[in-house]
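Have a look at the structure below before the remarks.
In UniProt numbering, the protein residues as written are 1 to 221.
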């Protein structure tokens, strides 16, 4: 007979959730390690599951396919970004709120609070893997478009706008996403020029944002 929900002890439920999160993080960590060691295409779901000592069936309880586990850290970071953006002070302009939220996300990565593999170094390795793997890049770009819609919705809610009528939230979300991606690519291309991972990455992102206004509206001469 099934146990009534009311009879489930809160501590037991919390323990189960922590165990599930630990298994999920271990799968993500193992997948990234294998992808970096032997390549994305050559890594199988069976290998990922075996390295964590779980079944293929268990893997598919957490992830639909290899693409999803490969992009899990970025997906977690994006969810964290949306939560932080919603919580930014109402007095901040949309761009200020987004800059503040992205700083918070990178600090969370630096402290290992976004999945086990979710460190700054792990995230930068993942960006390089995505850019060099056409299948992952296509999946990532599709996900990015969905993320832009979500970010635009949050911005519109903050400003009391209708995103179907006012194009500014979607435009800013698209520009913001492009600036962050270009910053990641710039850092990956010459990491030694930018210092400590987290500080260097944030400095590069901030510099790109500082150039945003002049680049769009100022004279290029």
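Glycine included, each C-beta is placed from N, C-alpha and C at the ideal position. No experiment lies behind these values; they were computed from the predicted model shown.
Local conformation of residue 81 per DSSP, three classes: helix
Counted within 10 angstroms of its Cβ, other Cβ atoms place residue 21 as buried (16 or more) or exposed: exposed
Rounded straight-line distance, which links the Cα of residue 31 to that of residue 63: 11 angstroms
Residue 35 and residue 49 closer than 8 angstroms at C-beta: Not a contact, by the Cβ cut-off of 8 angstroms.
Closest Cα partner of residue 201 within the set 67, 70 and 127: Looking at 67, 70 and 127, the one whose alpha-carbon comes closest to that of residue 201 is 127.
Segment contact flag, the region 149-162 with the region 71-91, C-beta cutoff 8 angstroms, min 3 pairs: The region 149-162 makes contact with the region 71-91: 3 or more CB pairs, one atom from each, lie closer than 8 angstroms.
Residues of its chain near residue 116, where Cβ-Cβ distance is below 6 angstroms and the 5 sequence neighbours each way are ignored: In this prediction, residue 116 scores a pLDDT of 45, lower than 50, which makes its location untrustworthy; the coordinate-derived value is nonetheless stated afterwards. Once the five neighbours on either side are set aside, the close Cβ partners of residue 116 are 25 and 29.
8 angstroms Cβ cutoff met for residue 230 and residue 171: Outside the shown range of the chain (1 to 221) lies residue 230, about which nothing can therefore be said.
With 16 other Cβ atoms within 10 Å as the buried cut-off, status of residue 122: buried
Alpha-carbon to alpha-carbon, residue 23 and residue 100: Roughly 31 angstroms separates the two Cα atoms.
Residue 167, DSSP secondary structure in three states: coil
Under 8 angstroms between C-beta atoms of residue 70 and residue 40: yes
Residue 213 versus residue 103: straight-line alpha-carbon distance, rounded: C-alpha separation (whole angstroms): 19 angstroms.
Close-in-space but distant-in-sequence residues of the same chain around residue 47 (CB under 8 angstroms, 5 per side omitted): 34
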